[in-house]
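Student: Everything in the sequence shown is counted per the working numbering, starting at 422 for the first residue and increasing by one.
Just so you know, even glycine gets a beta-carbon here, dropped at the ideal spot from N, CA and C.
Computed from a predicted structure; not experimentally measured.
Below: one structure in structure tokens.
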Amino acid sequence: MNLTICREQKVRTAQQDRSGSACHKDNPKGLEMSENYLRLPHVKAITGLSRSTIYAMMEAGTFPRSYKLGKRSVGWRKTEIDEHNSRLPRNV
422 MNLTICREQK VRTAQQDRSG SACHKDNPKG LEMSENYLRL PHVKAITGLS
472 RSTIYAMMEA GTFPRSYKLG KRSVGWRKTE IDEHNSRLPR NV
């Protein structure tokens with residue numbers, strides 16, 4: 422994923438990320454360099470869940486929501502996926 426990042430902006434809240442306010446024409450969502458967004462194949466690999474399970478869990482509120490990255494693309498914040506995985510019980 423190749424995103425142009427606006428370095429002038431400070432850390433943004435989740436609501437601001439979804440608002441679409443732009444600081445640069447190539448970065449319409451104003452995504453920050455400090456945030457890593459994962460696409461669906463990577464989220465599936467990390468969690469071991471299928472696409473339909475991920476979206477069903479999002480609907481139920483038990484999985485982090487996705488963020489719109491472009492017209493036809495979404496991603497999940499790596500920090501939120503890591504936090505979700507850390508809350509899961511570990512089988513020892």
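1) Helix or strand or just coil, what does DSSP make of residue 494?
2) In three-state terms, what does DSSP make of residue 508?
3) If residue 485 sits next to residue 505, beta carbons under 8 Å apart, how far is it from one beta carbon to the other, in whole angstroms?
4) Taking only the alpha-carbon atoms, compute the straight-line gap between residue 503 and residue 496 and give it to the nearest angstrom.
5) Where does residue 487 land, buried or exposed, given buried means 16+ other C-beta within 10 angstroms?
6) Looking at the structure shown, is residue 459 part of a helix, part of a strand, or coil, going by DSSP?
7) From the DSSP secondary-structure annotation, give me the bridge partner or partners of residue 489.
8) Any idea what DSSP makes of residue 471, helix, strand or coil?
Tutor: This is what the structure holds:
1) strand
2) helix
3) 6 Å
4) 14 Å
5) buried
6) Reduced to three states, the DSSP call for residue 459 is strand.
7) 495
8) Of the three classes helix, strand and coil, the one that applies to residue 471 here is coil, per DSSP.
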